Every structure is written in C-alpha cells, then in structure tokens.
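Residue numbers (the UniProt record's numbering): 1 to 246.
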C-alpha cells in the first residue's frame, strides 16, 4: 500500500505526495497538464527507483489527481508554487528534476528557485506553452472568448477538452522561461518523440539552444508520441536519469 502524505500548499490547498526513501539525489517527477502522479511514467519510475535504491518523489499539483482544488482555477504560477512547497517539504538534499510536458516548464522554473538541483530531465518538455502554443494559435474568436468570457474549451487527444482560462494565459506570461537566460549548471537531458502531436521537435530544439548547461543533450526518439510511455521510452528516461546523476 502506497503511503500518501498531505501538506497545505502555498494557497491553502491540500497537496498530496508520495515519497520513497533511498539514496540521494531524490528523483522528483513533475507531471504534465491535467496529468497526475498515478500516470504510467511516474509509477514506473517510482518502481525502478525502489528497485535500484534511489529516493523518489511524485505529487499532484492543486486541481490534479487527489490534491485539493479545481483544475480550472489553477495556473502555472500556482502549480510551480505547489511543486516548490512539496519538494522543500519532502526533500533535504540534492534533487534530479524529471519534468514531463508542462512538468518540464515547472521544472525549469524550479531550477531558478531551488539551490539543490543536481540534474534535469525533460520529457517532451513544453515551456511557455500557454503563450506559444495556446495563445499564438488561437483564432480571433477564441482570443475574444478568453478575454471576454474568461475561458475557452479546446479539443483534446485525451478524455476531456482543455479549459483554457484568462488567468492561465495572463499568469503564464509572468512565468515564461524562453525569453530570459535559463542557466542550468548541471547535467541536462531532453527527450522528444518524433510523432509527438502536442509538443513539436522545434520546441525541443529551442529549449536545447536556450538552456545554458555544460552538459546538455537532446535525444529524438523516432516513432515515440507525446505519452512517451512505451517500454523502450521508459528505458530512455531511466538512462537519462542515470546520466544526470540520479
């Protein structure tokens, strides 16, 4: 039985996390937009960490999974605050940040806030997607709906449509990481599937060019989609974590 721990987040929302003890650095998995800590990658990496004696942390942002709050009320700044609160509460040594999709953006923000980051692994990382993905590609009618009605519904490849709110867009502009220096003075690995229809390889290349790291590598995996959850994809993630020091 997995032991779930709760803390009160920075906005007073109850946040849930699971910590597996082991050797440092602690591997911290940051999930994507509308994803949670019960996803395939998070659960697989936890089992792998346990088998290999590594410390591991997975958690749910507010409005995700079993944490409190409503998804539509959240924004990047809120979820970054949640991530920082959980990491600081659950770890006291070096961490390797493993960010999937939106989690790659949140993890990038964490590299600016935390002093104990030992490595970074981005899996189809989606920095600045509220501006460069949503807003840039909105029609004029969609932009008007966001600004005047407060939200717009977008079709999704998954179960439910994405509800994009005015708050998500406006807050996202305060959290952008590709418009200013992004130093990562530790090993970095970026993984990107060529069949990803949610995050383009151009985004991965832009992040590769933008991060300032002494040890940075991007791996394009032919045929992999955005989920990046096939057995061979999961092994790529394990290898990347090992390479950055996890």
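For each residue, glycine too, the CB sits at the ideal point set by N, CA and C. Predicted model only: the values in this text are computed from it and were never measured.
DSSP three-state call for residue i: helix, strand or coil?
i	result
residue 196	coil
residue 236	helix
residue 173	coil
residue 224	coil
residue 8	strand
residue 66	coil
residue 124	coil
residue 19	strand
Counting only the same chain and skipping the five closest in sequence on each side, list residues whose C-beta sits under 6 Å from that of residue i.
i	result
residue 94	24, 25, 116 and 118
residue 40	229
So the beta strand (DSSP E) residue i belongs to, where does it begin and stop?
i	result
residue 40	Where residue 40 is concerned, there is no enclosing beta strand (DSSP E), although the alpha helix (DSSP H) it sits in stretches over 40–51.
residue 108	Looking at the DSSP string, residue 108 is not in any beta strand (DSSP E); the run it does join, the alpha helix (DSSP H), is 102–113.
residue 24	23–30
Please name the residue, chosen from the options, that lies closest to residue i on a Cα-to-Cα basis.
i	options	result
residue 257	15, 55, 4 and 243	In this structure the chain extends from 1 to 246, so residue 257 is not present and cannot be described.
residue 207	170, 64, 18 and 107	107
residue 217	18, 241, 54 and 56	241
residue 254	55, 6, 160 and 153	For the chain, the structure presents residues 1 to 246; residue 254 sits outside this window and is missing.
residue 168	122, 82, 151 and 123	151
residue 15	71, 55 and 51	71
Give me, in chain order, the residues of the same chain whose beta-carbon lies closer than 7 Å to that of residue i; leave out the 5 immediate sequence neighbours on both sides.
i	result
residue 175	76, 77, 80 and 109
residue 1	Because residue 1 sits at a pLDDT of 45, beneath the cut-off of 50, its placement in the model cannot be relied upon, and the point is left open.
Please list, in chain order, all residues of the same chain as residue i whose beta carbon is under 8 Å from its beta carbon, the five residues on each side excluded.
i	result
residue 194	201, 220, 221, 222, 223 and 224
Below 7 Å, is the gap between the Cβ of residue i and the nearest heavy atom of the ligand GDP?
i	result
residue 170	The ligand content of the structure shown is nil, which means the ligand GDP is not present either.
At which residues does the alpha helix (DSSP H) containing residue i begin and terminate?
i	result
residue 152	Where residue 152 is concerned, there is no enclosing alpha helix (DSSP H), although the beta strand (DSSP E) it sits in stretches over 151–154.
residue 208	201–210
(request) Count the C-beta pairs between the stretch 142–153 and the stretch 226–243 that are closer than 8 Å, then say yes if the count reaches three, no if not. (result) No contact exists between the stretch 142–153 and the stretch 226–243.
(message) Assess contact between the stretch 163–172 and the stretch 87–103, defined as three or more Cβ pairs (one per stretch) separated by less than 8 Å. Is contact present?
(response) Fewer than three Cβ pairs drawn from the stretch 163–172 and the stretch 87–103 lie within less than 8 Å of each other, which leaves the two stretches out of contact.
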